[in-house]
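Engineer:
Residue numbers (our numbering): 1 to 600.
1. Thinking C-alpha only, which one of 579, 55, 53 is nearest residue 357?
2. Which term fits residue 129, buried or exposed, when burial requires 16 or more other beta carbons within 10 angstroms of its beta carbon?
3. Would the beta-carbon of residue 401 fall within 9 Å of that of residue 458?
4. According to DSSP, which residues form a beta bridge with residue 66?
5. Under the assumption that residue 18 contacts residue 54 (Cβ atoms under 8 Å), give the Cβ distance between them as a whole number of angstroms.
6. Looking only at its chain, what residues have a beta carbon closer than 6 Å to the beta carbon of residue 164, apart from the 5 residues adjacent to it on each side?
7. In angstroms, rounded to a whole number, what distance separates the CA positions of residue 277 and residue 283?
8. Quick check on residue 189: does DSSP put it in helix, strand or coil?
9. On the criterion of 16 or more Cβ atoms from any shown chain inside 10 Å, does residue 556 qualify as buried, or is it exposed?
10. Helix or strand or just coil, what does DSSP make of residue 61?
11. Any contact between the segment 2–13 and the segment 197–211? By contact I mean 3 or more CB pairs, one from each, below 8 Å.
12. Return the first residue and the last residue of the alpha helix (DSSP H) that residue 174 is part of.
13. Whole angstroms are fine: how far does the CA of residue 429 sit from the CA of residue 293?
14. What would DSSP say about residue 575, mapped onto helix, strand or coil?
15. Apart from the five residues on each side of it in sequence, which residues of its chain come closer than 7 Å, Cβ to Cβ, to residue 1?
16. Given residue 597, which residues of its chain have a CB within under 8 Å of its CB, disregarding the five upstream and five downstream residues?
17. Taking a contact to mean a Cβ-Cβ separation below 9 Å, would you say residue 201 touches residue 104 in this structure?
18. Just list the residues that DSSP pairs residue 628 with in beta bridges.
19. Please state whether DSSP places residue 103 in a helix, a strand or coil.
20. Could you pull out every unbroken alpha helix (DSSP H) segment of at least 4 residues lying fully inside the segment 195–234, listed in chain order?
21. Here's a check: name, in chain order, each residue in its chain whose Cβ is nearer than 6 Å to the Cβ of residue 482, leaving out the five neighbours to either side.
22. With a threshold of 6 Å on Cβ separation, who are the neighbours of residue 503 within its own chain once the five nearest residues in sequence on each side are excluded?
23. Quick check on residue 391: does DSSP put it in helix, strand or coil?
24. Where does residue 465 fall in DSSP's three states?
25. Over what stretch of residues does the alpha helix (DSSP H) that includes residue 250 continue unbroken?
26. Report the rounded CA-to-CA distance for residue 157 versus residue 77, giving the unit in angstroms.
27. Look at the alpha carbon of residue 568 and the alpha carbon of residue 539, and state the distance between them as a whole number of angstroms.
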């Protein structure tokens, strides 16, 4: 554990990094194929310019600044600028439709919103009438901008330039504000995914953020030599820990790619030393390798399959605990097969790779460990300001999420619910005291997750509200069944049905790319997603994959019948959240007829 950890709030840490390591590279932003560096001194100067600019726009201390953009340097400049002005940042998903954007802006009482481009500005104007407290709109990319009402929209560059002039005229403002802010001041508001209702605004204090940075640094061994590619949404607490909290306290370098479409290429160029992927990312990487091997065919595919078979047996044995024969066997297949695959996914230099934010199939974790990617399972929540449980490289128990981070206490409550007490437990929900009181009781956060603990290692069973009881009285974890199915490269989503039913059934969405590639290999013609899923051979393929996965489950948990979805689940249709979490109740209602047909 770190004994000399800085006792400073987040924006004050930026000032400290600028003072102590001013010439070191803090951020690189890729523009038109070129990585543009920003030093710690430049980072702090620009954040102060933004702070002054925001104040000129009317953002008061403890006021709320909303950011509606994909990840880029302006996102963190705005966040740290707001912090230097004593204000609070509110992240909004750039994929959200106008009504969802409007809800967050209105509920959060945001007075200024920073948008990435015209598409996001148009969303704000679409719901402008429901935002009486919104004073100004700032836009990063002015390309293609049309005329808007005078005095309402200003460019980020202009705001920053005006702020710079004001800073030079009033150089002591940000230092005075930073010296007044304390650990219990709110620095960030993260809205929950809203999978069961309206999103709630979780308030994170600077004490919460510092505690998370301390725990994360201890878990990952973060140093100023580390580098990371920021690509998951910054309005999600997981990416905040990786891009903002950890790097500002430990000095790691952050890289922003050109767009979400270039993540794979950017990973290869950055070669990050640590990496976080939600399960969907790992499933996509697994599918990409699977497609690559199908296309390669011949001896390459044979070598790949032999390499997996040779090393799978000791994938969960920590590298330093492997015997000489295992080390030699892995090295042989590493140079022959695995090194190229690690380069392909851009993780050859990763000391630590993590999966979190949702449950993942143990088979997917095992697969990447077999390739030599040091993949660890971690657990956290918006309300814990990030990671609170994490595996260590020295102990890789399959299906576990490890042990508590430093200064975090855990215990199991009624029905096995995981309870947490830590400085990283959030300050409460904005404008929702009732929800706060029902979530934090006697200092313990009630997570709503059922957990088990064995030899100090925790396993997350499922959400308490999602545990199913069959007609026969058996308790089942739908996520465990679903993730077992999703280990197949041909299954993207699986929604299990079984509450008060005689047997388990499921709605399944195929993974389009891999299924389409398989269909082409089989000479099966198709024109679109629906046409593909309605093909009898595709159904047989999926049924075979379900049968294979069923073999690893208890008899009562096995899926007996399936319905193949003929369209992909969509955020705009209310079927998944902005973070692609399935809205079970909405899907059960929408597909009620198909579900009943499975039990007819």
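Beta carbons: idealized from backbone N, C-alpha and C, even for Gly.
Structural biologist: Walking through what the data contain:
1. 579
2. exposed
3. yes
4. 90, 113
5. Contact doesn't hold; Cβ gap of about 19 Å is too wide.
6. 49
7. 10 Å
8. strand
9. exposed
10. coil
11. yes
12. 173–180
13. 48 Å
14. coil
15. With a pLDDT of only 49 at residue 1, under the threshold of 50, the placement of this residue in the model should not be trusted; the figure read from the coordinates follows. If we look at residue 1 and ignore the five residues flanking it on each side, its Cβ neighbours are 218, 406.
16. 563
17. yes
18. No answer is possible for residue 628: it lies beyond the span of the chain, which begins at 1 and ends at 600.
19. helix
20. 206–220
21. 494, 496
22. 560
23. coil
24. helix
25. 246–250
26. 12 Å
27. 16 Å
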